[in-house]
Ligand code: SF4
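In the working numbering, the protein residues as written are 3 to 478.
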């Protein structure tokens, strides 16, 4: 019994198989980490399923119907969890599910799917132009031919119905991204379109209205936005994407496959951009202007950047004074966010001590390694137990993370800033930088931490806690 409690509360060791997924920054460059692999059994990965990956990419298409073909539990992922904003249609905020039960699992769910599409076409006004059908785990197991149902119903009702074969067990979230990208490619068709000077914005999901701010920057420098993929996008705009001259890619984790395929299929090059932190926003805008708009656009971009920096830098500076010298842990889902947040923290004089992401390529981790300070812990597909261990070791002043890390950080008494998708205000772009730095300040410097039990991190208190839990359980 005693041994179990030791394991339960003392996270001193990392599972042997997990060690290769953890890197400690040492030396100037390089660094090897095991990544893009299946999660290690027993490590309690924070990764979501394939269906979730597909849904997060496609759900922001505002005038589409999203049907979850599976048990109702899979449909608990709804608009509310991510809250991507729309400038017009609101159809995507509804959840549709075939709600498969035991009988359907035994006899097949195709009829139910067909009935669901019929009901939607009968009841919805105006009639939708686009439906996505997501296959969940059980559909993969019973083998419903959702492609055939979609083909049949598409023909009958003269609209686009795209099947997404996203059974959760087929892998992890990145496979869902890829399947969503494949669905978008199917939607865009095979025919090349006449090219026009302009960009598609890939991998911005408009959670806090950021895509509108970025579009405004691009409008000011004279760069046209052809399509948004997929924040605040519509069927009509998505099918014009093949005519763009450049894809600008924010979240590369979710959009890598689409951008690569669009280059092969439609000859559209792509550019990775980041709209967090002065340096990254400046570089991104100047590069876009240079590629799409030429000299005049570059001049306008320079003017815009200088005006915005002159406006925003003094605000940031007042907060920088209050934050500089602090240390941080950054644990988020994708490496795009991890890199962008960490770079902004460094601009503020905050030193990241722990950087963790659920998914990332060797190249992403090399980038993180190269700009990190000596001794930084870099984690791939980390678990709450590992995060707890390193928080205890490194004792960061602030934790920037997603909803999954929030409770752990707060329980350990570490000030927590939420960089999750359910927020309703921008955290990227110049406006977002102001919001972010205000949040860092109000969180890290809030007087409440004087009264919070921050000493939970201390080893003595862990032993104390362990003894009290043990006693409590044994008395029962
Ligand atoms: S893992 Fe399978 S059952 Fe669970 S939410 Fe994902 S698709 Fe549904």
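The beta-carbon is built from N, C-alpha and C at its ideal position, and this holds for glycine as well.
For residue 137, the three-state DSSP class (helix, strand or coil): Taking the first residue of the chain shown as position 1, residue 137 is located at position 135. Of the three classes helix, strand and coil, the one that applies to residue 137 here is strand, per DSSP.
Distance between residue 65 and residue 99 (C-alpha atoms, nearest Å): One-based indexing of the chain shown puts residue 99 at position 97. One-based indexing of the chain shown puts residue 65 at position 63. C-alpha separation (whole angstroms): 17 angstroms.
For residue 433 and residue 338, believed in contact at Cβ under 8 angstroms, the rounded distance: Reading the chain shown from its first residue, position 336 is the one you call residue 338. Reading the chain shown from its first residue, position 431 is the one you call residue 433. Rounded, the Cβ-Cβ distance is 19 angstroms, inconsistent with contact.
Heavy atom of ligand 1 within 8 angstroms of residue 58 beta-carbon: Taking the first residue of the chain shown as 1, we reach residue 58 at position 56. No, the beta carbon of residue 58 sits no closer than 8 angstroms to any heavy atom of ligand 1.
Burial state of residue 372, where buried means 16 or more other Cβ atoms lie within 10 Å: The residue you call residue 372 lines up with position 370 of the chain shown. Exposed is the call here.
Residue 71 beta carbon less than 9 angstroms from that of residue 61: Here residue 61 corresponds to residue number 59 of the chain shown, with the count starting at 1. Here residue 71 corresponds to residue number 69 of the chain shown, with the count starting at 1. In this structure, residue 71 does not lie closer than 9 angstroms to residue 61 by Cβ.
8 angstroms CB neighbourhood of residue 22 in its chain, flanking five on each side removed: Here residue 22 refers to the residue found at position 20 when the chain shown is read from its first residue. Once the five neighbours on either side are set aside, the close Cβ partners of residue 22 are 35, 36.
Residues bridged to residue 206 (per DSSP): One-based indexing of the chain shown puts residue 206 at position 204. Paired residue(s): 232.
The beta strand (DSSP E) enclosing residue 273, as first and last residue numbers: By 1-based counting over the chain shown, the position of residue 273 is 271. 272-274 is the span of the beta strand (DSSP E), which, as asked, contains residue 273.
Where residue 75 falls, given that 16 or more other Cβ within 10 Å makes a residue buried: As a first step, residue 75 is located in the chain shown; it is residue number 73 there, counting from the start. Label assigned to residue 75: exposed.
Residue 72 Cβ short of 8 angstroms to ligand 1 heavy atom set: On the chain shown, position 70 is the one that residue 72 refers to. The answer is yes for residue 72.
Residue 63 versus 234, 287, 357, 379, residue with shortest Cα-Cα distance: If you number the chain shown from 1, residue 63 lands on position 61. Comparing Cα-Cα distances from residue 63 to each of 234, 287, 357, 379, the minimum goes to 234.
Euclidean distance between Cα positions of residue 111 and residue 137: Here residue 111 refers to the residue found at position 109 of the chain shown. Here residue 137 refers to the residue found at position 135 of the chain shown. Straight-line Cα distance between these residues: approximately 11 angstroms.
Runs of beta strand (DSSP E) lying entirely within the region 289-369, each at least 3 residues, in chain order: 329-336, 353-361
Bridge-paired residues (DSSP) for residue 65: By 1-based counting over the chain shown, the position of residue 65 is 63. In the DSSP output, where bridge partners are listed per residue, residue 65 has none listed.
Cβ-Cβ distance between residue 442 and residue 306 below 9 angstroms: Within the chain shown, numbered from 1, the residue matching residue 442 stands at position 440. Within the chain shown, numbered from 1, the residue matching residue 306 stands at position 304. Result no, Cβ atoms of residue 442 and residue 306 do not sit closer than 9 angstroms.
Touching by the beta-carbon criterion (3+ pairs, under 8 angstroms), the region 313-327 and the region 343-363: yes
Where residue 223 sits in the DSSP three-state scheme: The residue labelled residue 223 in the question sits at position 221 within the chain shown. Coil, per DSSP.
Proximity below 9 angstroms, CB of residue 426 to CB of residue 85: Taking the chain shown and counting its residues from 1, one reaches residue 426 at position 424. Taking the chain shown and counting its residues from 1, one reaches residue 85 at position 83. Yes.
Beta-carbon proximity of residue 299 to residue 398, cut-off 9 angstroms: Taking the first residue of the chain shown as 1, we reach residue 299 at position 297. Taking the first residue of the chain shown as 1, we reach residue 398 at position 396. Not a contact, by the Cβ cut-off of 9 angstroms.
First through last residue of the beta strand (DSSP E) which encompasses residue 420: Here residue 420 refers to the residue found at position 418 when the chain shown is read from its first residue. Element bounds for residue 420: 418-420.
heavy atom of ligand 1 below 8 angstroms from residue 335 C-beta: Translated into positions along the chain shown, residue 335 becomes position 333. No; taking the cut-off as 8 angstroms, the Cβ of residue 335 has no heavy atom of ligand 1 nearer than that.
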